[in-house]
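Okay, so here's the structure we're looking at.
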Amino acid sequence: METKHLLKMYVLIALSTLTVGCSTDDDNEESLALWEIEVNELKTATAKYRDVQVAADEGFIDVSGFVPNMGHHYLSPSRVDDIVKLDEPEIVLYAPDTNGIMQMVAVEFVVPVEDLENPGAPPEGFTGDLDVWHLNTNLSQWQLHVWVVRENPDGIFAEFNPAIGTGD
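Start counting the sequence shown at 20; every next residue gets the next number (the working numbering).
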């Protein structure tokens, strides 16, 4: 009798696992597809910046020098405003390769914050909630990194990318 009871319990556990594992959240799947489309559009729109000279010719300037696990931040001052345009990031990030040649690794969106005591909600960026903006209190701005070229083991929207290294 005890074996029969255990067998029933295992069957119920297996069925509940299958039910949970097979459930779909259509909204979540739709959001995932939309943000992936948006990222692909961003990659296309920024592909020309793989050549750092193109970025420089368009007014991007290195404002940071090398930052460990990020790279060099090339900012286009004319793009900085409170509007997020997914095809026009304010910053393009570069890291030197083994020959010292700058390679595009990511882009970054920035939105200025006027009152750090009351910064408000983070800006709306990509569809869904995978893009986690962070508040940089030193620069008074919301920031979102998108690792469109160099794969990031911590995720495409992570702030830092260990694959960039520390520059040692």
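Every residue gets a Cβ at the ideal spot worked out from N, C-alpha and C, and that includes glycine.
Among the options, which residue has its Cα nearest to the Cα of residue i?
{"i": "Val167", "options": "Lys62, Ile56, Trp54 and Asn118", "result": "Lys62"}
{"i": "Gly18", "options": "Ala75, Glu143, Gly84 and Ala74", "result": "Because the chain here runs from 20 to 187, residue 18 falls outside it and cannot be looked at."}
{"i": "Glu178", "options": "His164, Leu158 and Thr65", "result": "His164"}
{"i": "Phe79", "options": "Ser95, Asp101, Ala66 and Ala64", "result": "Ser95"}
{"i": "Gln162", "options": "Ala182, Ile110 and Asp148", "result": "Ile110"}
{"i": "Val99", "options": "Ala66, Glu60, Leu158 and Arg169", "result": "Leu158"}
What is the DSSP secondary structure of residue i, reduced to helix, strand or coil?
{"i": "Leu112", "result": "strand"}
{"i": "Asp150", "result": "coil"}
{"i": "Asn180", "result": "coil"}
{"i": "Glu170", "result": "coil"}
{"i": "Ser83", "result": "strand"}
{"i": "Asn155", "result": "strand"}
{"i": "Leu61", "result": "helix"}
{"i": "Lys104", "result": "coil"}
Assign residue i to one of two classes, buried (16 or more other C-beta atoms within 10 Å of its C-beta) or exposed (fewer than that).
{"i": "Asp150", "result": "buried"}
{"i": "Ala114", "result": "buried"}
{"i": "Val120", "result": "The amino acid occupying residue 120 in the given sequence is Ile; Val does not appear at that position. So Ile120 ends up on the exposed side."}
{"i": "Gln144", "result": "According to the sequence shown, residue 144 is Gly rather than Gln. With 16 or more other Cβ atoms within 10 Å, it is buried."}
{"i": "Gly40", "result": "For Gly40, the pLDDT reaches just 41, beneath the cut-off of 50, and the residue's location in the model is therefore unreliable, leaving the point undetermined."}
{"i": "Ala125", "result": "buried"}
{"i": "Ala52", "result": "exposed"}
{"i": "Asp44", "result": "Reliability of the predicted coordinates at Asp44 is poor, the pLDDT of 47 falling under 50, and the value obtained from them is presented with this limitation in mind. Classification for Asp44: exposed."}
{"i": "Ile56", "result": "exposed"}
Taking residue i as part of the beta strand (DSSP E), name the residues at either end of that continuous run.
{"i": "Val130", "result": "Met121 to Pro131"}
{"i": "Gly15", "result": "It is not possible to answer for residue 15, since the shown part of the chain is limited to 20 through 187."}
{"i": "Leu163", "result": "Gln160 to Val165"}
Within 7 Å: the Cβ of residue i and any heavy atom of the ligand FAD?
{"i": "Pro142", "result": "Absence of the ligand FAD is noted for the structure shown, with no ligands found whatsoever."}
Starting from residue i, trace the alpha helix (DSSP H) both ways and give me its first and last residue.
{"i": "Val71", "result": "Val71 to Asp76"}
ask   = Does the stretch 128-143 come close enough to the stretch 81-89 that 3 or more CB-CB pairs lie under 8 Å?
value = Because the criterion of three Cβ pairs below 8 Å is not met, the stretch 81-89 and the stretch 128-143 do not touch.
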